[in-house]
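If you count by the UniProt record's numbering, then the sequence shown holds residues 1 to 176, one letter each, in order.
Here a beta-carbon is modelled for each residue, glycine too, at the ideal position from N, C-alpha and C.
Note that the structure is predicted; figures quoted are calculated from it, not measured.
Taking it in order: structure first as structure tokens, then the write-up.
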Amino acid sequence: MIYWNLFLAFFIPGILGYGGGPGTIPLVEKEVVDRYGWMNHQEFSEMIALGNALPGPIATKMAGYVGFVQGGVLGSAIAIFAIVAPTLILMIGLLSILQKYKDSPKVKQLSQNVRPVIAVLLGVLAYDFLFNSFQGIGGWQTFIIALLSYFFLEFRKVHPAYVILGALVYGALFLG
């Protein structure tokens with residue numbers, strides 16, 4: 001039964017998650033944390049932070065990690081397949097139609113109309129992470145990490161992977 005639940009937990013966000021990984025993160029969180037209870041919000045936040053520090057698509061890293069924790073290597077394979085299967089099936093099935101209408105103004109308008117929805121989903125996710133951080137490590141630590149991250153990203157133009165790694169090191173040294 002766990003393999004079927006893993007498949008559903010990642011197949012559904014794979015179908016509904018328009019825009020790739022960032023669009024699927026809140027959907028995966030709803031399945032993994034709220035529906036199945038495999039993780040709490042703190043663990044999910046840590047998985048996202050670690051996943052963002054590694055190369056590759058975030059959705060497949062989430063699926064691989066959760067699948068492995070819940071069902072071992074087979075669970076990991078099933079979860080990864082489930083998250084990529086909707087895109088794979090649609091791309092194979094709709095490739096000719098996509099090529100025909102790729103420059104259509106209606107298709108471009110559809111993409112532009114979906115972007116604000118994804119922005120709101122990411123905003124809600126960021127708020128949840130911020131709220132959980134305040135509860136977990138306190139306001140000052142959260143403020144310090146956010147301020148340093150902003151400084152290094154915006155003013156020093158440090159690559160985001162190094163900022164995430166720095167936040168992980170800060171957490172290990174001062175919050176561990």
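Problem - Nearest neighbour of residue 246, chosen from Pro105, Tyr162, Lys106 [CA to CA] - result: Since the displayed the chain opens at 1 and closes at 176, residue 246 lies outside it and no answer follows.
Handout entry: Proximity winner among Phe81, Tyr170, Tyr18, relative to Val114 (alpha-carbon distances)
Key = If you compare the alpha carbons of Phe81, Tyr170, Tyr18 with that of Val114, the shortest gap goes to Tyr18.
Problem - CB contact flag (Phe10, Ile83, <7 Å) - result: Yes, these two residues count as a Cβ contact at 7 Å.
Problem - Cβ-Cβ distance between Gly56 and Leu6 below 7 Å - result: No, these two residues do not count as a Cβ contact at 7 Å.
Practice task
Pick out whichever of Leu175, Pro105, Phe44 has its Cα sitting closest to the Cα of Gln139.
Solution key: Inspection of the sequence shows that residue 139 is occupied by Gly rather than by Gln. Checked all of Leu175, Pro105, Phe44; the closest Cα to Gly139 is Leu175.
Practice task
For Arg115, name the three-state secondary structure that DSSP assigns.
Solution key: Correct three-state label for Arg115: helix.
Practice task
Within 10 angstroms of the Cβ of Phe44, are there 16 or more other Cβ atoms? Answer buried if so, exposed if not.
Solution key: Phe44 comes out buried.
Exercise for the section: Pick helix, strand or coil for Met1, following the three-state DSSP scheme. Expected result: Looking at Met1 - three-state DSSP - the assignment turns out to be coil, as it is neither helix nor strand.
Handout entry: Cut-off 8 Å between Cβ atoms - residues of its own chain near Tyr3, not counting five sequence neighbours on either side
Key = Result list for Tyr3: Gly71, Leu74, Gly75, Ile78, in chain order.
Practice task
Starting from His41, trace the alpha helix (DSSP H) both ways and give me its first and last residue.
Solution key: Here the alpha helix (DSSP H) through His41 covers 41–53.
Problem - Any 3 or more C-beta pairs closer than 8 Å across the region 23–35 and the region 108–126 - result: With the cut-off at 8 Å, the region 23–35 and the region 108–126 touch.
Practice task
Pick helix, strand or coil for Lys61, following the three-state DSSP scheme.
Solution key: If DSSP states are grouped into helix, strand and coil, Lys61 belongs with the helices.
Problem - Residue range of the unbroken alpha helix (DSSP H) whose run includes Glu29 - result: Per DSSP, Glu29 belongs to the alpha helix (DSSP H) from 21–29.
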